[in-house]
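> In terms of the numbering used here, the numbers along the sequence shown are unbroken and rise by one, the last being 448. All C-beta atoms, glycine included, are put in the ideal place defined by N, C-alpha and C. As the structure is a computational prediction, the values presented were derived from the model and not from experiment. Dropping the structure in here first, questions after.
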Amino acid sequence: MSQPTVAVIGAGWAGCATAVELARTGAQVTLYEAARVPGGRARRINYQGNTLDNGQHILLGAYRDTLQLMRTVGLQPSQLLMRLPLQMRYPISENGMDLLALRLPAPLHLALGVLRAKGLSLADKLSIARFASAARWMGWQLNRDCPVSELLERFEQTDRLIKLMWRPLCIAALNTPPERASAKVFLAVLRDSLGASRAASDMLLPRANLSALFPDAAIAWLQKHGGKVMLGTRVSAINAGDGYWKINTEQRIDHSQHIVISTSAAHAQTLLLEIDDALADTLNFEYEAITTCYLQYAPTVHLPAPMLALIDDPDSQRWGQFVFDRGQLDHKQSGLLAVVISASGTATESGAQALEQSVAQQLANDLQMPELATPLWGKAITEKRATFACVPDLQRPRHATAHRGLWLAGDYTESEYPATIEGAVRSGMKVAAAIRAKARAEAKAKAK
Ligand SMILES: Cc1cc2nc3c(=O)[nH]c(=O)nc-3n(C[C@H](O)[C@H](O)[C@H](O)COP(=O)(O)OP(=O)(O)OC[C@H]3O[C@@H](n4cnc5c(N)ncnc54)[C@H](O)[C@@H]3O)c2cc1C
């Protein structure tokens, strides 16, 4: 059987997954990436000689396909990711809560973790138990989608638990506030975290920069296994030929039997407009921003844990939702804190510098560490179109299109997951499997 030729556009996590998975089974793959650094919305950046990420990320033990692909390209996830038990820990002074799953088999790991949690009343703990048993009974599924806030009301969750756990979890996972976020997608995320095995519920914090976590190795692996990789090469247009596709870049025109558009939805729209404006129209999403505020202190500065939750309150200019002590993840980053603000549209209105100052002040107050008010330097990075707004009943496009050989991969394509690394990787794996199946069927038909 002759192997299909495939052009993969975009070396984000979806594109890298598609390309590796196809090349692994013999396809002739060319991967085009507009930027010089692979990784897309989960990539390394350089800021004044410091290697940072475009945004602090967190993975879950449930990211099965991502972890598997990391191994395929020769990486060891256990070396590159710090594995923490599921947790929601606030600094003591916050009057928050301290919930830490135990190293026990599920569901005991969480049940006993909740029982031992500090800062929660009996009513709050019963409220979690009520949520978990109702969600389990429903198979973590809903017939009719609704906002997360409605689901929380239906499950009679206490105000304190909503404030300290459900709201921050919803914003972190779906990058959409509970009043507008899809309860169906939220339940799917909880099924694979709160409701899953202990290992699946673990939180995985990157010890290396995000490009080094998979995309760099994926590219090296592809080159070693016969794939072509063209970094710094933007595809400006695609056109259908007779049984093949033309891929236009500034330098050349290539031909391929299949094209996988694995850019963000907005960039895919631009490429599709010339071919199929109705399909391009289905890629109209609303977006939510995410800001990561990096604050560098003296290398001796450490937090009590690698990751802590913070109580945000926009009315009093408290924007930070989670803080990560990068120095505990990578000793070369000692003293570097990364504060995450999801759904950060309003937070960025008064400018990056004002935001850095208020976040530093918030850290100093909440952690009772006055020295945190005056970092050596700060850098707030905002990805304006970080993810699509994950609202109820959102229609997401399928991977296969009506055009022979034209496929879509990316975190926005049909999936029960929100926009995540695992969603992106799974989309790439699915497209690769579909192309393989198509090639097999065509070879069979030809042989008859
Ligand atoms: C700040 C931030 C924090 C996040 N936090 C988390 C988290 O904690 N956990 C989690 O799982 N997910 C998180 N996400 C979401 C996650 O990063 C994305 O869902 C995922 O990276 C999307 O990957 P993708 O491959 O689908 O798309 P992208 O990453 O957008 O990749 C598309 C690629 O296509 C390239 N491209 C575009 N147009 C062209 C063209 N014409 N020619 C060639 N190349 C082109 C782009 O340069 C890009 O590299 C976060 C996202 C952001 C921005």
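1) K332 by DSSP, collapsed to three states: which one?
2) Excluding the five sequence neighbours on either side, which residues of its own chain have a C-beta within less than 6 Å of the C-beta of E286, listed in chain order?
3) By DSSP, does E422 sit in helix, in strand, or in coil?
4) Helix or strand or just coil, what does DSSP make of Q296?
5) Secondary structure at T25, three-state DSSP: helix, strand or coil?
6) Among the residues of its own chain, which have a CB less than 7 Å from the CB of T51, if the five just before and after it don't count?
7) Can you find the residues in the same chain that come closer than 6 Å, C-beta to C-beta, to Y47, ignoring five residues on each side of it along the sequence?
8) Looking at the structure shown, is Q87 part of a helix, part of a strand, or coil, going by DSSP?
9) Go through its chain and collect everything with a Cβ distance to L108's Cβ below 8 Å, but skip five positions before and after it.
10) Go ahead and pull the three-state DSSP assignment for I261.
11) Suppose only complete runs of 3+ residues qualify. What are the beta strand (DSSP E) ranges in the stretch 168-249, listed by chain order?
12) Regarding I290 and ligand 1, is the C-beta to nearest heavy atom distance less than 6 Å?
13) Determine, using beta-carbon pairs with one atom in the stretch 107-125 and one in the stretch 324-343, whether at least three such pairs fall under 8 Å.
14) Given the structure, does G35 come close to ligand 1, in the sense that its CB is under 6 Å from one of the ligand's heavy atoms?
15) Using a Cβ-based criterion (distance less than 6 Å to any ligand heavy atom), does H258 qualify as near ligand 1?
16) Below 7 Å CB to CB, which residues in the same chain sit around V229 once its five sequence neighbours on both sides are set aside?
17) Can you list, in chain order, the residues of its chain with a C-beta nearer than 7 Å to that of R144? Leave out the 5 residues immediately preceding and following it.
18) Return the bridge partner residues of P77 from the DSSP annotation.
19) Between the stretch 399-408 and the stretch 419-431, do three or more beta carbon pairs fall short of 8 Å?
20) Specify whether the stretch 263-282 and the stretch 308-317 touch according to this definition: at least 3 beta carbon pairs, one from each stretch, less than 8 Å apart.
21) Would you kindly work out how many angstroms separate the C-alpha atoms of V148 and I58, rounded to a whole number?
22) Here's the rule I'm using: 16 or more other beta-carbon atoms within 10 Å means buried, otherwise exposed. How should N54 be labelled?
23) For the pair the stretch 2-19 and the stretch 355-364, tell me if three or more CB-CB distances fall below 8 Å.
24) Is S342 helix, strand or coil by DSSP?
25) Locate the beta strand (DSSP E) running through S256, then write down its first and last residues.
26) If G410 and A188 are in contact, beta carbons under 8 Å, what's the gap, nearest whole angstrom?
27) Determine whether the Cβ of F214 lies closer than 7 Å to any Cβ atom of chain C.
28) If you draw a straight line from the C-alpha of T5 to the C-alpha of I247, how long is it?
29) Alpha carbon to alpha carbon, what distance is there between K448 and A419?
30) Determine, using beta carbons only, whether R167 and P178 come nearer to each other than 7 Å.
31) Give me the Cα-Cα distance between R198 and K125, rounded to the nearest whole angstrom.
32) Anyone know if the C-beta pair for V29 and A35 falls short of 7 Å?
33) Between A183 and the rest of its own chain, which residues show a CB-CB distance below 8 Å, the 5 nearest in sequence each way excluded?
34) Could you give the distance in angstroms between the alpha-carbon of L75 and the alpha-carbon of E33?
35) Would you kindly report the start and end of the unbroken beta strand (DSSP E) that includes M307?
36) At a cut-off of 6 Å, would you count G139 as near ligand 1, judging by its Cβ distance to the nearest heavy atom?
In this structure, then:
1) In the structure shown, K332 sits in a helix (DSSP, three-state: H, G or I).
2) For E286, same chain residues with a beta-carbon under 6 Å away, outside a window of 5 residues either side, are A389 in chain order.
3) Judged by DSSP in its simplified three-state form, E422 adopts helix.
4) It is a strand residue.
5) Of the three classes helix, strand and coil, the one that applies to T25 here is coil, per DSSP.
6) Cβ within range, chain order: R44, N209.
7) Within the same chain, Y47 has close Cβ partners K379.
8) Under the three-state reduction of DSSP output, Q87 falls in the strand class.
9) Counting only Cβ-Cβ distances below 8 Å, and skipping sequence neighbours, we find L102.
10) Taken through DSSP and simplified to helix, strand or coil, I261 comes out as strand.
11) The qualifying runs are 203-206, 228-231, 235-240, 245-249.
12) At least one heavy atom of ligand 1 lies closer than 6 Å to the C-beta of I290.
13) Segments in contact, no.
14) Checking the sequence shown, residue 35 turns out to be Ala, not Gly. The answer is yes for A35.
15) The answer is no for H258.
16) Non-local beta-carbon contacts of V229 in its own chain, meaning distances under 7 Å to residues more than five positions away in sequence, involve L31, I219, L222, Q223 in chain order.
17) Counting only Cβ-Cβ distances below 7 Å, and skipping sequence neighbours, we find nothing.
18) Looking at the DSSP output, P77 bridges to nothing.
19) Because the criterion of three Cβ pairs below 8 Å is met, the stretch 399-408 and the stretch 419-431 touch.
20) Result no; under three Cβ-Cβ pairs closer than 8 Å.
21) Linking V148 to I58 through their CA atoms gives a straight-line distance of about 21 Å.
22) Counting C-beta atoms within 10 angstroms of its own C-beta, N54 has 16 or more neighbours from the protein chains shown and is therefore classed as buried.
23) These segments do not touch.
24) Strand, per DSSP.
25) Start and end: 253-256.
26) Not a contact, Cβ separation roughly 18 Å.
27) The structure shown contains no chain C; it holds only a single protein chain.
28) Roughly 12 Å between the two C-alpha positions.
29) Those two C-alpha atoms are separated by around 43 Å.
30) Yes. Within cutoff.
31) Approximately 19 Å between the Cα atoms of the pair.
32) No, these two residues do not count as a Cβ contact at 7 Å.
33) Counting only Cβ-Cβ distances below 8 Å, and skipping sequence neighbours, we find L142, D145, C146, P147, V148, E150, L151, P392.
34) Cα atoms of L75 and E33: separation of roughly 22 Å, rounded to the nearest angstrom.
35) Note, M307: beta strand (DSSP E), 307-309.
36) For ligand 1, no non-hydrogen atom lies closer than 6 Å to the CB of G139.
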